[in-house]
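For reference, the structure discussed in these notes is given below.
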Amino acid sequence: MPVERLEGHQSGRSAEESREEFERGLLMTTIDKAVSWARKQSMWPVTFGLACCAIEMMATGAGDYDLSRWGMELFRASPRQADLMIVAGRVSQKMAPVLRTIYDQMPEPKWVISMGVCASSGGMFTNYAVVQGVDTIVPVDIYVPGCPPKPEMLMYGILRLHEKVRTEGRVK
Amino acid sequence: MNVTELAERVRRLHPDVVVARGEATVLVDRDVLLAALRAFRDDEELRLDFLSSVTATDWPGRDPRFRVVYELSSTERHHRLRVKVGLPEDDARVPSVTGLFPTANWHERETYDFFGVVFEGHPNLRRILLPEGWEGWPLRKTEELGGVDTRYHGAFIPPVDRRTS
Amino acid sequence: MTAEGARGEAIGTDDLPVTEIDELSAASTGEIRQETMVINMGPQHPSTHGVLRLLLELDGETVLECEPIVGYLHTGIEKNTEYRTWQQGVTFVTRADYLSPFFNEVGYCLAVEKLLGIEAPPRAQVLRVLFCEMNRIASHLVWLATSGLELGAISVMLYGFREREQILDIFEAATGLRMNHAYVRIGGVVMDLPEGGAERIVDLLDTMPGRIDDYEKLLTNNPIWVQRNVGVGPLSAADARALGVTGPTLRAAGVPADVRRDEPYCGYETYEFDVVTRDGADCFARYEVRIGEMRQSLRIVEQCLERLREPGPVMVEDPKVRWPAQLEVGPDGIGNSPKYVEHIMEESMEALIHHFKMVTEGVSVPPGEVYVPVESPRGELGLYIVSAGGNRPYRVRMRDPSFANLQAVPQMVRGGLVADVIAVISSIDPVLGGVDR
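Sequence order for the protein chains is A, B and C.
Its first residue numbered 115, the first sequence is counted upward by one per residue in this note's numbering.
Its first residue numbered 8, the second sequence is counted upward by one per residue in this note's numbering.
Its first residue numbered 856, the third sequence is counted upward by one per residue in this note's numbering.
Next comes the structure, spelled out in structure tokens:
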């Protein structure tokens, strides 16, 4: 089967679906693979640093843990020019509509990494003010736990996202 | 001035002074609050001209229910005084001190946001930290903590303030 | 009338009139209806130091009025501490001003210790001062990095974070975390410096002064930096005091107000350091004050290392207050020391019960209220804590310096240009986590 899988990574397709994909033609598969490869090679994040995780995200982009190795050091301020949103930090109720607006302004294809426990599930702040998990507002692709996650953890999350894009990407 | 001298000096203006743990606290009525703060600021020995913070505490079941707390300090003499005003539950209004201390603007807005205490004469009394249409005064003791109310695989996880530890 | 008078030949026809040259030029420079424009900066903005929203009323490029709108990071920390034990309060309070976590912790623990009427042992005080001053340097480096980035000096961003990594390595070795450490506890600190910790700090002391010199060489006489910062965002001392501003912004206006000097805590009266002030009262003066403060912090760190030569306990002995476990670095990271675990599991039932009660119920603090100020990198950080007896705080209020400092922004940007708003905000160095809590 010409479907590449990362070790331990489930691509979520059954045998019939895989056969279907095979029968779509080797040409489409090759274009699929090429486009997915290109998409993951230079994903540009939008600046969405909120709290402590934002500082770790900046540290990941800085010299010691260099995001530039994957072409991602260029955080775009405008969501229209970005394809990845790393929600770094606690999302308060007041910020939630802003988060959704920024997400909607990003063009397809777009991905979301929820960085830190506060974005993933509300973290230690189980109270009135914090949204208990950003996946109640936007669809999340990768959750990176930690309070805050070390830059290496964020990088691992980004690499898993790259693999996810590379193996599951489909030209629409 | 050390704390005892400070307390003596303040006691001459307002008798209800308590000294504990090296800190002096004076209780005043809300009608004389502005006059008291002006007197503390202009007195040559006290010179309490810097307002650090304005906040409130909620004691439900007691009368007065709310205590608005002002932390004053002196930039010249480096001593501190705490001024407290008691407010009843049904009439939680107190004059705003933004005329004397412009820094109180945001502190009073925050106290209004959290407790519902109204500061009369405040130029812009709106919610500051919570979203505009929020209902309720979250830091009152009668309000819940909020957060998660989940049911999962037959178990029920109550919000934090109702868990057992 | 056609345009031949101006251009020498008739171009227009009767059907398509050509406008007179004079009319054309008059229309482009004549009176346009003047209106002010209200624009919105943020909350998602690369240069507002967090989720700050500014409503600016502009007349062209000149700022007429500015209103900061905060609350986009409100986390309910103050309410949450009322539902947790006193020890757990440290982990909440530390995440308020997330760039200076040690200061939040020290303020909180000093306040609770004042309520309890105890004092941490001297070695714990020295460790607190040591980590606070290193945190001050780290926080000022983030300020330098982000300020530089926002004003266009992008390489300063990389330099600032490079230096910061060195300090964060020391934090990680000593406390287990790079940020939000929960290292300072009620009664002292949770662990002593690890093996080799002192050597790492000596390395830091060797390299940092040279690096600070590099930053000064890069920026202080740089014509672009000077033009963007000198005369921008003036705030006089009287205005600053009236608006409740403290910290480097106040010291840049010539006022030598520093809580470490005026109301010393943790033994600061025994250390030799200068309170750095300047008279410019503009963004450039604040920059110079912060650079000076970094150097003074290095002086204090050196003095701390001297005092750490003698060993001593780092937590009070009182069993009703101290954190019961001894933490140790084992093969799988930092955890309870095996000797202690053996003691409570096998040797002493009482110790087990005591450990259980201390960890679940925690310290019991007598009723009262205190206000303790500490000097955080942004100004006076005050903790007002009320206890009603029992093992949970009744009210924890953090008087955050950035909350008061941000109120001064409208005063500083009025009459300036839009680009100066960025310079002013970065010179105040607000951390929205502290503002919104």
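In this text, a Cβ means the ideal position worked out from N, Cα and C, and glycines have one as well.
The alpha helix (DSSP H) spanning B:Lys91 covers which residue range?
Note, B:Lys91: premise wrong, no alpha helix (DSSP H); beta strand (DSSP E) at Arg87 to Leu94.
Would you kindly report the start and end of the unbroken beta strand (DSSP E) that includes B:Phe57?
Phe57 to Asp65
For B:Asn9, which of helix, strand or coil comes out of DSSP?
Residue state for B:Asn9 is assigned as coil, using DSSP reduced to three classes.
Looking only at its chain, what residues have a beta carbon closer than 7 Å to the beta carbon of B:His85, apart from the 5 residues adjacent to it on each side?
The answer is none, since no qualifying residue turns up.
Best match in C:Tyr1123, C:Val1144 and C:Ile1283 for proximity to C:Thr1132 [C-alpha to C-alpha]:
C:Val1144
I'd like to know if A:Tyr179 contacts chain B, where contact means its C-beta is closer than 8 Å to some C-beta of that chain.
no
Report yes if the CB atom of C:Val1273 is closer than 8 Å to the CB atom of C:Val1045, and no otherwise.
no
Considering only the beta carbon of each residue, do C:Ile1041 and C:Glu968 sit closer than 8 Å?
yes
Could you check where the beta strand (DSSP E) with B:Phe73 kicks off and where it finishes?
Start and end: Phe73 to Ser80.
So with Cβ pairs under 8 Å, would you call C:Val906 a contact of chain A?
Taking CB atoms only, C:Val906 has a neighbour in chain A less than 8 Å away.
Are the C-beta of B:Arg133 and some C-beta of chain C separated by less than 8 Å?
no
Whether A:Gly185 touches C:Leu1013 by CB criterion (8 Å)
No, the Cβ-Cβ distance between A:Gly185 and C:Leu1013 is not below 8 Å.
Below 9 Å on C-beta distance, what does C:Tyr1226 contact in chain B?
Glu30, Ser59, Ser60, Val76, Glu78, Arg87 and Arg89
Label B:Thr11 either buried or exposed according to how many other C-beta atoms from any shown protein chain fall within 10 Å of its C-beta, with 16 as the threshold for buried.
Exposed, because fewer than 16 other Cβ atoms sit within 10 Å of the Cβ of B:Thr11.
From C:Ala1008 to C:Arg1083, what does the alpha carbon distance come to, in whole angstroms?
11 Å
Is any beta-carbon of chain A found at less than 8 Å from that of C:Lys934?
Nearest CB-CB separation between C:Lys934 and chain A: below the 8 Å threshold.
Tell me the rounded alpha-carbon separation between A:Tyr179 and A:Ile251.
30 Å
Give me the Cβ distance between B:Leu40 and B:Val92, rounded to the nearest whole Å; I'm assuming they're in contact under 8 Å.
6 Å
Just checking my contact of C:Cys1121 with C:Arg983 at CB under 8 Å: how many whole Å lie between their CB atoms?
5 Å
Please confirm if A:Tyr242 has its CB atom under 8 Å from at least one CB of chain B.
yes
Provide the residue(s) that pair with C:Met892 in DSSP beta bridges, ordered along the chain.
The partner list for C:Met892 (beta bridge, DSSP) reads C:Leu913.
For C:Gly1237 and C:Ala951, which I take to be in contact (beta-carbon distance under 8 Å), what is that distance rounded to the nearest angstrom?
Contact doesn't hold; Cβ gap of about 12 Å is too wide.
Between which two residues does the beta strand (DSSP E) containing C:Glu1127 stretch?
First-last for C:Glu1127: undefined, no H or E at that position.
Could you check how far apart the C-beta atoms of B:Ala14 and B:Leu58 are, in whole angstroms? I think they sit under 8 Å.
Incorrect: roughly 19 Å between the Cβ atoms, too far for contact.
Taking just the CA atoms, how far does C:Leu1153 sit from C:Leu1032?
22 Å
Can you give me the Cβ contacts of C:Arg1177 inside the same chain, cut-off strictly under 7 Å, excluding the 5 residues immediately before and after it?
Gly1042, Met1170 and Val1171
Just curious, the alpha helix (DSSP H) that C:Gly1003 is in, first and last residue?
Pro977 to Leu1006
With a cut-off of 8 Å, does the C-beta of A:Arg204 fall near any C-beta of chain C?
Judged by the 8 Å Cβ criterion, A:Arg204 is in contact with chain C.
What runs of the alpha helix (DSSP H), each 4 residues or longer, lie entirely inside the segment 1088-1122 of chain C?
1092-1097, 1103-1106 and 1114-1117
Could you check what DSSP says for C:Ile1041 in three-state terms: helix, strand or coil?
coil
Report the three-state DSSP secondary structure of B:Asn131 (helix, strand or coil).
coil
For B:Glu117, which three-state DSSP category applies?
helix
Less than 8 Å between CB atoms is the rule here; does A:Pro159 satisfy it with respect to chain C?
no
Three-state class that DSSP yields for C:Asn935 in the structure shown
Look at C:Asn935 here: in three-state DSSP terms it is helix.
What does A:Ala191 touch in chain C if you count any residue whose Cβ is under 9 Å from its own?
Gln899, His900, Pro901 and Ser902
Would you tell me roughly how many angstroms separate the C-alpha atoms of B:Thr105 and B:Leu44, rounded to the nearest one?
11 Å
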